[in-house]
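Listed in order, the protein sequences are those of chains A and B.
Just so you know, my numbering puts 305 at position 305 of the first sequence, and the rest follows in order with no gaps.
Positions in the second sequence are counted from 1; adding 1000 to them yields my numbering.
Where a beta carbon is used, it is the ideal one built from N, C-alpha and C, also for glycine.
Here's the structure, in structure tokens; my notes come after.
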Amino acid sequence: MNTAAVAFDSRHAAKQRFRETLFRGATLVAALLVLALLGGVVATLLHGSWPAFSHFGFAFLTRAIWNPVTDEFGAVAPIYGTVVTSLIAMIIAIPISFGIAIFLTELAPAWLKRPVGVAIELLAAVPSIIFGIWGLFVLAPILQRHVQPWLIEWLGPLPLVGKLFQGPPFGIGVLTASVVLAIMVIPFISAVLRDVFETVPDVLKESAYGLGATTWEVIWKVVVPYSRTGIVGGIMLGLGRALGETMAVTFVIGNAHRVSPSLLAPGTTISASIANEFTEAVGDLYTSSLVGLGTLLFLITFTVIASARFMLLRLDRRALSSV
Amino acid sequence: MNRRTIRKFTNGLALTLSGLATFIGLFCLGAILWTLISNGIAGMSVALFTQNTPPPGSSGGILNAIYGSVVMTLIGILIGAPIGMLAGTYLAEYGRASRLSTVIRFVNDSLLSTPSIIIGLFIYELLVIRMGHFSALAGGVALAVIAIPITVRTTEDMLNLVPQGMKDASTAIGAYPWRTITSIVYPAARSGIVTGLLLAVARISGETAPLLFTALNNQFWSTNLRAPMANLPMVIFVYALSPYKNWQQLAWSGALLVTLTILILSITARVAVSALSPGGGNKR
């Protein structure tokens, strides 16, 4: 090899190495930016909510008052609304999602699986504001005219649970928000459940069928126990969605800062309060209290989502190790 | 009734209920689409696409809102896509199973599920307060923050589907990783990455909550990125809750427009995956 060729080779190699460093550096910076984003979110939330937290202290979490005129703020009503609407949404959504996942994995003939699966996924793609106007103009009147009077008449007089179903049928309120939330999280939960059910090895199911089990027995005694962690993970992922959902809830919950025993009464959630009041909030303490609500919401959803991911991660590992 | 009958009955009941659940899910999708079409179609006219949002009482269109939505979605995807793709590339090709990658993956998943209204608050504190006013730019950046984790996730998933043998072959003839990634891995994963981008566009073009306190809204035609700009989600939000019939009509037409766009994008993305990807179809 002559000297010119060697010089060219080393120049070429140096250029390649430089580009490698550049490209690798760019990907690393972008990856670190993802870390910085979450860090930035946490930092700005804490910074923005600090005036409210330091002014009200622990009472911010325990008081139900929300009065912009006297500058007194407590987070109980929005937290209550967020938790209650999400829980009711889960009670409605879990059985339906479970049914859809079973239908898609065990029942549907091959030609039906894909179109139905895609249709359910499309339901997840519909933006939340669309659920909002649909909930306000279509669902709320139906509930008000046909469902809520029935609930008030038949469940209202009952002891204990009766309190949940008393008062006039407003149409909009906690129950309506919960129903809309349920419809919104069904596609998420059923998609995860379907994926989880599909990780169950066919051999296990076939052995159960071979012993004479019915389809339902295979599902309940083989598929469900095998995918227990994944099911819980999927449900919590859906719960995380429901807790943070904003626009759809803002349309139908009625935006009343109070804790009412009746599910038919208007209420508010953390995200709905922020969406409704933030641009109109006058004064540092008011704004800061709303950011404080945001911080609480972030904490709640982060905890729920993180534990869901953790469970699904463990499932992933098991699925990998069993292959 | 003997045991066998009971078991058969339980089985039949459970399977019927699961069919019913599927029907409920499909029914909801159908009901929403039907409402949108029946309410939105009445407002579909030339004026809808050629005039700006009107004051109460007079007629008009949503041209400025369509423009604003397109602009902010573009800003969001132009900022979000490169960052997301590079980060996804790092996770799939460089970091892989390292501790840093595990942390980034977890953080990315958390970001993916952070309520979008929180992202709105973040950008408000970060940009709107600094700039002193609401702006289309802030809205676009907020949408970018939502697009980034989606792109990271899909890019990583798609790059992982490229057979290791192809990468090894490239390395064996002396290519540096960057050359392997840009010349071998990216082309092989192209349709998957495009799908991910389409899904990200679909997701951010309907987002409302992050725009509430960043881009705000604007009743007039505006192309100034440093000023508030109209956008479809905000117009739907504000006009649907207004007492004026013609505003509500515009909201329904806007809602139909947004939903159709998003559904078409989502369906295109799915078709692209099964039609174009190498060895596609076995992905799910």
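Measure the alpha-carbon distance for ALA1251 (chain B) versus ALA1138 (chain B) and round it to whole angstroms. 24 Å
Three or more C-beta pairs below 8 Å linking the stretch 1076 to 1088 of chain B and the stretch 25 to 34 of chain A: When Cβ pairs closer than 8 Å are counted between the two stretches, the stretch 1076 to 1088 of chain B is seen to touch the stretch 25 to 34 of chain A, the count reaching three or more.
In chain B, what lies closer than 8 Å to LEU204 (chain A) by C-beta? Ordered by position in chain B, no residue passes the 8 Å Cβ test against LEU204 (chain A), which lies about 18 Å from the chain.
By the 10 Å Cβ neighbour count, where 16 or more other Cβ atoms means buried, how is ALA1230 (chain B) classified, buried or exposed? buried
Give a yes or no on whether 7 Å exceeds the smallest Cβ distance from LYS1283 (chain B) to chain A. With a pLDDT of 39 at LYS1283 (chain B), under the threshold of 50, the modelled position of that residue is not reliable, and no figure is offered here.
State yes or no: is the beta carbon of SER10 (chain A) nearer than 7 Å to at least one beta carbon in chain B? Not an interface residue.
At least one CB of chain C closer than 7 Å to the CB of TRP50 (chain A): is that the case? Included in the structure are the protein chains A and B, with no chain C among them.
Cβ-Cβ distance between ALA1081 (chain B) and GLY1061 (chain B) below 7 Å: no
Residues in its own chain within less than 6 Å of SER1110 (chain B) by CB, not counting five upstream and five downstream? none
Give a yes or no on whether the minimum CB-CB distance between ALA275 (chain A) and chain B is below 7 Å. Yes, because at least one Cβ of chain B sits closer than 7 Å to the Cβ of ALA275 (chain A).
Residue-level contact to chain A via CB, PRO963 (chain B), 7 Å cutoff: In the structure as shown, chain B begins at 1001 and stops at 1284. Residue 963 (chain B) is therefore absent and cannot be evaluated.
For ILE1032 (chain B), the first and last residue of its enclosing alpha helix (DSSP H): 1003 to 1040
Return the first residue and the last residue of the alpha helix (DSSP H) that TRP220 (chain A) is part of. Element bounds for TRP220 (chain A): n/a, residue is neither H nor E.
If I measure Cβ to Cβ from PRO1228 (chain B) and keep anything under 8 Å in the same chain, skipping five residues before and after, which residues do I get? HIS1133, PHE1134, SER1135, ALA1136, ALA1215, LEU1216, ASN1217, ASN1218 and SER1222
Taking contact to mean at least 3 C-beta pairs separated by less than 8 Å, is the stretch 1232 to 1240 of chain B in contact with the stretch 1142 to 1149 of chain B? no
On the DSSP letters alone, give me the boundaries of the alpha helix (DSSP H) that ALA119 (chain A) sits inside. Run containing ALA119 (chain A): 110 to 125, per the alpha helix (DSSP H) assignment.
Chain-ordered neighbours of ALA1240 (chain B) on chain A, where CB pairs are closer than 9 Å: ILE129, GLY132, ILE133, LEU136, PHE137 and PHE251
Between the stretch 241 to 249 of chain A and the stretch 96 to 114 of chain A, do at least 3 Cβ pairs fall closer than 8 Å? no
LEU1078 (chain B) burial status per 10 Å Cβ neighbour count (16 or more: buried): exposed
When DSSP builds the beta bridges, which residues end up paired with TRP66 (chain A)? A:PHE73
Between GLY1280 (chain B) and chain A, is there a C-beta pair that is closer than 7 Å? Because GLY1280 (chain B) sits at a pLDDT of 41, beneath the cut-off of 50, its placement in the model cannot be relied upon, and the point is left open.
Spatial neighbours of PHE254 (chain A) within its chain, please: CB distance less than 7 Å, with the 5 preceding and 5 following residues excluded, ordered by chain position. Sequence check: residue 254 (chain A) is Gly here, not Phe. Hits under 7 Å: PHE170, ILE172, GLY173, PRO266 and GLY267.
Using only the alpha-carbon positions, how far apart do THR44 (chain A) and LEU296 (chain A) sit? 13 Å
Environment of ASN1108 (chain B) [buried if 16+ CB atoms lie within 10 Å]: buried
Note down, in chain order, all residues in the stretch 1165 to 1186 of chain B with a beta-carbon under 7 Å from any beta-carbon belonging to chain A. TYR1176, PRO1177 and TRP1178
Does the beta carbon of SER86 (chain A) come closer than 7 Å to any beta carbon on chain B? no
Show which residues of chain A have a CB atom less than 8 Å away from the CB atom of PRO1115 (chain B). LEU243, GLY244, GLU245, THR246, SER271, LEU297, PHE298 and THR301
Could you tell me which chain A residues have their CB closer than 8 Å to the CB of PHE1106 (chain B), listed as they occur along the chain? What PHE1106 (chain B) touches in chain A: ALA306 and ARG309.
If contact is defined by three or more beta carbon pairs under 8 Å, each pair taking one atom from either stretch, is the stretch 44 to 53 of chain A in contact with the stretch 1120 to 1134 of chain B? yes
Exposed or buried, ASN1039 (chain B), counting other C-beta atoms within 10 Å across all chains shown (16 or more means buried)? buried
In chain order, what residues of the same chain have a beta carbon less than 6 Å from the beta carbon of GLY1095 (chain B), not counting five sequence neighbours either side? SER1101
Should LEU28 (chain A) be flagged as near chain B, meaning a C-beta pair shorter than 7 Å? yes
In this structure, how does DSSP classify GLN1219 (chain B) when only helix, strand and coil are distinguished? coil
Residue span of the alpha helix (DSSP H) that contains ILE1148 (chain B), given as start and end: 1136 to 1160
Buried or exposed: which applies to ILE94 (chain A), given that a residue is buried once 16 or more other Cβ atoms fall within 10 Å of its Cβ? By the beta-carbon neighbour count (other beta carbons within 10 angstroms, threshold 16), ILE94 (chain A) is buried.
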